[in-house]
Amino acid sequence: NAGVMQNPRHLVRRRGQEARLRCSPMKGHSHVYWYRQLPEEGLKFMVYLQKENIIDESGMPKERFSAEFPKEGPSILRIQQVVRGDSAAYFCASSPRTGRALGTDTQYFGPGTRLTVL
Amino acid sequence: AQSVAQPEDQVNVAEGNPLTVKCTYSVSGNPYLFWYVQYPNRGLQFLLKYITGDNLVKGSYGFEAEFNKSQTSFHLKKPSALVSDSALYFCAVRDTLDSNYQLIWGAGTKLIIKP
Chain W
30 NAGVMQNPRH LVRRRGQEAR LRCSPMKGHS HVYWYRQLPE EGLKFMVYLQ KENIIDESGM
90 PKERFSAEFP KEGPSILRIQ QVVRGDSAAY FCASSPRTGR ALGTDTQYFG PGTRLTVL
Chain S
541 AQSVAQPEDQ VNVAEGNPLT VKCTYSVSGN PYLFWYVQYP NRGLQFLLKY ITGDNLVKGS
601 YGFEAEFNKS QTSFHLKKPS ALVSDSALYF CAVRDTLDSN YQLIWGAGTK LIIKP
């Protein structure tokens with residue numbers, strides 16, 4: 030039973046390029062969360078998605094960042110025209126979130142993608 | 541507003557001694573509380589959670605946490621520390637009155653266990 034998968038594990042981009050980060054949730058999980066972690070800091074929530082829906086994007090920067098979770102395939106976090114300040118570890122988590130368990134479910138994390146912008 | 545505080549950036553404990561990593565929270569409704577551990581260059585691993593019921597929650601790797609409603613705390617504990625427990629520990633809370641049930645994270649506490 031595979032856990033949350035993220036790829037690539039490491040991504041190097043030059044300023045102005047695009048970064049695409051992928052997340053495949055655990056089997057049976059239909060809810061995905063993206064977080065950003067800067068060095069020596071905690072997690073910052075970015076976005077919460079269900080299949081084909083963005084539920085909460087209150088943590089997403091207004092420009093250059095977008096996320097999707099299509100009906101088929103992994104969730105994608107896209108960063109356009111990257112800048113050095115985007116360098117961070119980006120973590121994806123998934124949860125099953127059944128109706129009765131709303132709020133009580135555990136999020137399971139992937140290994141992260143470490144983005145370096147040169 | 542919801543918040544989580546981990547008042548200690550770093551905790552140093554000798555191997556074999558008991559350890560405590562502190563966490564306090566602030567929510568409008570009732571809290572759902574979580575502890576995660578992060579090893580270097582790895583993702584976060586779930587340790588334990590409090591939803592309801594017994595205030596003492598037991599989790600993975602011998603860790604436990606005690607929910608104290610009057611002190612709004614959820615401290616992580618282990619009776620006898622191992623060097624392999626050295627890692628970054630995160631406390632998180634959900635507010636039952638938050639319709640999005642967003643997880644609010646503490647800044648993390650670095651736990652160092654010395655042989």
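Chains as they are written, first to last, in this note's numbering: chain W, 30 to 147; chain S, 541 to 655. Where is the CB? At the ideal position from N, CA and C, for every residue including glycine.
- DSSP, reduced to helix, strand and coil, places residue 572 of chain S within a strand of the structure shown.
- Just so you know, the alpha carbons of residue 553 of chain S and residue 53 of chain W end up roughly 37 Å apart.
- Not a single C-beta of chain W is nearer than 9 Å to the C-beta of residue 565 of chain S.
- For residue 74 of chain W, the enclosing beta strand (DSSP E) starts and ends at 72 to 79.
- Put simply, the region 39 to 52 of chain W touches the region 111 to 122 of chain W. At least three CB pairs are less than 8 Å apart.
- Interface residue (Cβ-Cβ distance to chain S less than 9 Å): residue 48 of chain W is not classified as such.
- Residues of the same chain with a CB within less than 6 Å of the CB of residue 569 of chain S, apart from the 5 flanking positions on each side, are 635, 636, 637 in chain order.
- At a cut-off of 9 Å between C-beta atoms, residue 85 of chain W counts as an interface residue with respect to chain S.
- Residue state for residue 623 of chain S is assigned as helix, using DSSP reduced to three classes.
- In this structure, residue 627 of chain S sits near residue 577 of chain S, with a CB-CB distance shorter than 9 Å.
- Among the residues of the region 581 to 606 of chain S, those with a Cβ less than 9 Å away from any Cβ of chain W are 581, 582, 583, 584, 585, 586, 589, 591, 592, in the order of the chain.
- Between residue 602 of chain S and residue 630 of chain S the beta-carbon gap is near 18 Å, outside 8 Å, which marks them as no contact.
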